[in-house]
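Keeping their order, the protein sequence lines are chains A and B. Residue numbering for the first sequence follows this note's numbering, starting at 10 and increasing by one per position. Residue numbering for the second sequence follows this note's numbering, starting at 10 and increasing by one per position. Data first, discussion second: the structure below is written as structure tokens.
2 protein chains.
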Amino acid sequence: MHEAQRQRTCALLQARQIGAALFASPASITWLTGFAPPVQTGANPFAGAPPLVWWDGDRFTLIVVDGLASLSAPFADEADGDVVSYLGYTLATPLNGAQHLRTLLQSLWADTARARRVKRLGVESWALPAAASGILAASPLGGCTWVTIDGWLAPLRMVKTAEEIIKLRENFRLTDIAHAAARQAARAGAREIDVWLAAKAAVETAAGSRVPMGNDCVVGYRTENIGGWPLDHVLRPGDSLIVDLSTIQHGYWSDSCATYVAGEASPRQQAIHAVVSEALAVGAGLLRPGAVAGEIDRRVRGIITGAGYPVYPHHTGHSVGVTGHEAPRIVPDSQEILTAGMVILLEPGVYFARETGVRLEDAFLITEEGAVQLTTHDKSLAPVA
Amino acid sequence: MHEAQRQRTCALLQARQIGAALFASPASITWLTGFAPPVQTGANPFAGAPPLVWWDGDRFTLIVVDGLASLSAPFADEADGDVVSYLGYTLATPLNGAQHLRTLLQSLWADTARARRVKRLGVESWALPAAASGILAASPLGGCTWVTIDGWLAPLRMVKTAEEIIKLRENFRLTDIAHAAARQAARAGAREIDVWLAAKAAVETAAGSRVPMGNDCVVGYRTENIGGWPLDHVLRPGDSLIVDLSTIQHGYWSDSCATYVAGEASPRQQAIHAVVSEALAVGAGLLRPGAVAGEIDRRVRGIITGAGYPVYPHHTGHSVGVTGHEAPRIVPDSQEILTAGMVILLEPGVYFARETGVRLEDAFLITEEGAVQLTTHDKSLAPVA
Chain A
10 MHEAQRQRTC ALLQARQIGA ALFASPASIT WLTGFAPPVQ TGANPFAGAP PLVWWDGDRF
70 TLIVVDGLAS LSAPFADEAD GDVVSYLGYT LATPLNGAQH LRTLLQSLWA DTARARRVKR
130 LGVESWALPA AASGILAASP LGGCTWVTID GWLAPLRMVK TAEEIIKLRE NFRLTDIAHA
190 AARQAARAGA REIDVWLAAK AAVETAAGSR VPMGNDCVVG YRTENIGGWP LDHVLRPGDS
250 LIVDLSTIQH GYWSDSCATY VAGEASPRQQ AIHAVVSEAL AVGAGLLRPG AVAGEIDRRV
310 RGIITGAGYP VYPHHTGHSV GVTGHEAPRI VPDSQEILTA GMVILLEPGV YFARETGVRL
370 EDAFLITEEG AVQLTTHDKS LAPVA
Chain B
10 MHEAQRQRTC ALLQARQIGA ALFASPASIT WLTGFAPPVQ TGANPFAGAP PLVWWDGDRF
70 TLIVVDGLAS LSAPFADEAD GDVVSYLGYT LATPLNGAQH LRTLLQSLWA DTARARRVKR
130 LGVESWALPA AASGILAASP LGGCTWVTID GWLAPLRMVK TAEEIIKLRE NFRLTDIAHA
190 AARQAARAGA REIDVWLAAK AAVETAAGSR VPMGNDCVVG YRTENIGGWP LDHVLRPGDS
250 LIVDLSTIQH GYWSDSCATY VAGEASPRQQ AIHAVVSEAL AVGAGLLRPG AVAGEIDRRV
310 RGIITGAGYP VYPHHTGHSV GVTGHEAPRI VPDSQEILTA GMVILLEPGV YFARETGVRL
370 EDAFLITEEG AVQLTTHDKS LAPVA
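What follows is the structure in structure tokens.
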């Protein structure tokens, strides 16, 4: 898995004269290896630190606590990678994942120092634990020049591989399923959390497993905040409900939004919805290789303001991958140029605090022939039959 | 919130001549401040780093990205604490949470250095990002003696405050609700994920909000692993299902386990269940101030082996709080002595790989008068009517 990602990374690091590198951010770990530890209840309680990836100038080594090692098995089969694990949970001795990790890291870095001469060492300094950094500094590699490589992989992640497109499509399929369930559940008397649960149940029933789900489920009279997780606010007849959903399967995110109305939409809601729909359609029509992100942002915002509505205070769009919000962003000053293989979300909206809000979002894969829509959910305001 | 926790921490740090300290582990952050950021979809994507807590020898300062600052408002009202936040999400400028955090930390540490003389500085080195450590080293405080304080708060966390007991009780109430729903759903033809969803829906419907939920939902023919998240394995008539549930509300965990059978339990399942029930009851009877953890472990295991069954390969019990598995652990070699205010889970089990498994778990609050059971879920094998 993810050999193309590692090839891109090798090329970048070698071009910048990096001889070895230590990755620590969850996004880098998943992108480099395909390994995606569960997130729903936080970190593994027996791990000394989050998973790390060591690149010795040639091979990638994923370093995980033993309890997660089986989940990383697919990566271990690769020609350019290994998985090493350390003791986490213990019964007969006190828990000490950090000490077991320390021993493993010392051994790994001594091996690298014996095998090759490293002059410049790259580290993801904002994700790497200070203790691991200290162990590295005390190792035979510690004396070489340290280079912070935080964020270096983000540009490499912008163009998705065929393997990533498959993972993303699986997630967009799940959010389509979630939206169909949310539309049915968004009736007067239901609470935000009830609609959310209907969507969540549809996703996990279809997936046959647990699936983390984000983002927003907010009734119109609460849209001062535009977003937010579902609470026990009740939908009254005529209330709008913004349902913005991501699923995370295989470490990859989807994203999509629709707005539902409990019963009949008012003429005002219909008028707002028509303008947001038009803004989304205009944006979608601009998505092609060579398009400039900032220009798409300007054109989509222009539809909203041209209709006399307040412009949304957030981005027009963004990409997704191993995170839910990544480059290229579709924001006012971006000079980023779209290329084939990027996945772009567009999500214009109109919000009137404590009254109603409408946001619509679709995902698109940029190809040489234009944009291919990845989301297929119904975004109409038509009431549930 | 959590003033008692901060008082205990001050006392410990001062007793060990620590003049200032930087906390970074999620457990420490929640325990010190009551602040519990959502975990279900991973870290805040716009944060430079996870939340930190700086103790300047007098006051505690919670350092969070702006998007999380509103969630930490209750702590900000305290006499001994503050919340400072830095810019995360941006629209008009590129995202750069790490740089905004850097500026904030530099300012904070310069202020401390101006106000007081620190000789010994404590840091949670396995959770602190290396970059934050580097900024601290370059600050006016960098020259003092650094002391790693990883794990120092764990012993302080063992005795729960009245405020924590309330939070824990709320979680045990939710897992009781979850078990009632799981019992109803555990019928032939249902999959593990279906039972899980029934429990999850019951919890979130009752809470009126999203609630992270762990731990295991495994059908008998899968109990080689003893634990595991629900998948699409189908319950056949007579299959047992281990349902081990935690909820996380207010940053605090519950934990509890029952074993259900799809239809009528076999005589063998009933016999196993009776022994596991007895082991749990014997363990519960030993819980009182002054009891030694290792001795409880020995006695509970003895019931299982005395009945001729293989002894479970895991701990007999543990505590919960801001994590799902914490001290005191009820394990063979522990000399830990129970005291009033501890919350203890006991969870003996018997497992036959690829056939059936039974585990039962209750939670207890140790008081001067003995153990008070916090879980009230039905742990019988009786089939659903």
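Glycine included, C-beta positions come from ideal geometry on N, C-alpha and C. Since the structure is predicted, the reported quantities are computational estimates derived from the model, not experimental observations.
Inter-residue CB distance, residue i and residue j (contact presumed, cutoff 8 Å)
| i | j | result |
| --- | --- | --- |
| B/F373 | B/I353 | 5 Å |
| A/T60 | A/F44 | The amino acid occupying residue 60 of chain A in the given sequence is Pro; Thr does not appear at that position. A/P60 to A/F44, Cβ: 7 Å. Contact. |
| B/V204 | B/A216 | With 8 Å as the limit, B/V204 and B/A216 do not qualify as a contact, their Cβ atoms being about 19 Å apart. |
| B/W40 | B/R166 | 6 Å |
| A/W262 | A/T332 | 7 Å |
| A/V228 | A/D248 | 5 Å |
| A/V156 | A/R126 | That pair is no contact at about 16 Å. |
| A/M10 | A/E172 | 7 Å |
| A/G4 | B/V48 | Chain A is shown only over 10 to 394; residue 4 of chain A falls outside these bounds and no answer can be derived. |
| A/Q278 | A/T170 | With 8 Å as the limit, A/Q278 and A/T170 do not qualify as a contact, their Cβ atoms being about 41 Å apart. |
| B/V285 | B/G358 | 6 Å |
Residue i in three-state terms, based on DSSP
| i | result |
| --- | --- |
| A/A2 | Since the displayed chain A opens at 10 and closes at 394, residue 2 of chain A lies outside it and no answer follows. |
| B/Y261 | strand |
| B/P322 | coil |
| A/Y98 | coil |
| B/H386 | coil |
| A/H334 | coil |
| B/W40 | helix |
| B/D342 | coil |
| A/G198 | coil |
| B/C153 | coil |
| B/V204 | helix |
| B/G143 | helix |
| B/R123 | helix |
| A/D241 | coil |
| B/A88 | coil |
| A/F32 | strand |
| A/N224 | strand |
| B/T256 | strand |
| A/A45 | coil |
| A/S81 | helix |
Per-residue burial, residue i [other beta carbons within 10 Å of its own, 16 or more giving buried]
| i | result |
| --- | --- |
| A/E133 | buried |
| B/A101 | exposed |
| B/R245 | exposed |
| A/P319 | exposed |
| B/I305 | buried |
| B/N234 | exposed |
| B/G317 | exposed |
| B/A210 | buried |
| B/I175 | exposed |
| B/D264 | buried |
| A/A83 | Contrary to the premise, residue 83 of chain A reads as Pro rather than Ala in this sequence. It is exposed - the Cβ of A/P83 has fewer than 16 other Cβ atoms within 10 Å. |
| A/D423 | Here chain A has residues from 10 to 394 only, and residue 423 of chain A is not among them. |
| B/T184 | buried |
| B/D225 | buried |
| B/Q258 | buried |
| A/A391 | exposed |
| B/E273 | exposed |
| B/A288 | buried |
| A/R182 | buried |
| A/R25 | exposed |
Scan the region 164-194 of chain B for residues whose Cβ lies nearer than 7 Å to a Cβ of chain A and list them as they occur along the chain.
none
Check whether the region 14-21 of chain B and the region 157-177 of chain B touch, using three or more Cβ-Cβ pairs below 8 Å as the test.
yes
With contact counted as at least three CB pairs below 8 Å, one residue from each stretch, are the region 192-212 of chain B and the region 314-332 of chain B in contact?
no
Is there contact between the region 84-99 of chain B and the region 103-114 of chain A, where contact requires at least three CB pairs shorter than 8 Å?
no
Quick one: any contact between the region 297-315 of chain A and the region 333-341 of chain A, if contact means 3 or more CB pairs under 8 Å?
yes
Report yes or no: do the region 238-255 of chain B and the region 69-81 of chain B share at least 3 C-beta pairs separated by less than 8 Å?
no
Taking three-plus beta-carbon pairs below 8 Å as touching, is the region 288-301 of chain A in contact with the region 374-382 of chain A?
yes
Closer than 8 Å, Cβ to any Cβ of chain A: which residues of the region 130-154 of chain B, in chain order?
V132, S134, W135, A136, L137, P138, A139, A140, A141, S142 and G143
Tell me, please, whether the region 114-128 of chain A touches the region 147-154 of chain A by the rule of three or more beta-carbon pairs shorter than 8 Å.
yes
Any C-beta of chain B within less than 7 Å: which residues of the region 325-357 of chain A qualify?
T332, G333, H334, V340, P341 and D342
Contact list for the region 228-252 of chain A against chain B, Cβ threshold 8 Å:
W238, P239, L240 and D241
Going along the region 291-310 of chain A in order, which residues come within less than 8 Å of chain B, judged by CB to CB distance?
none
Give, in chain order, every residue of the region 49-64 of chain B whose Cβ lies closer than 9 Å to some Cβ of chain A.
Q49, T50, G51, A52, P54, F55, G57 and A58
Under 8 Å, CB to CB, which of the residues in the region 254-266 of chain A have a partner in chain B?
S255 and I257
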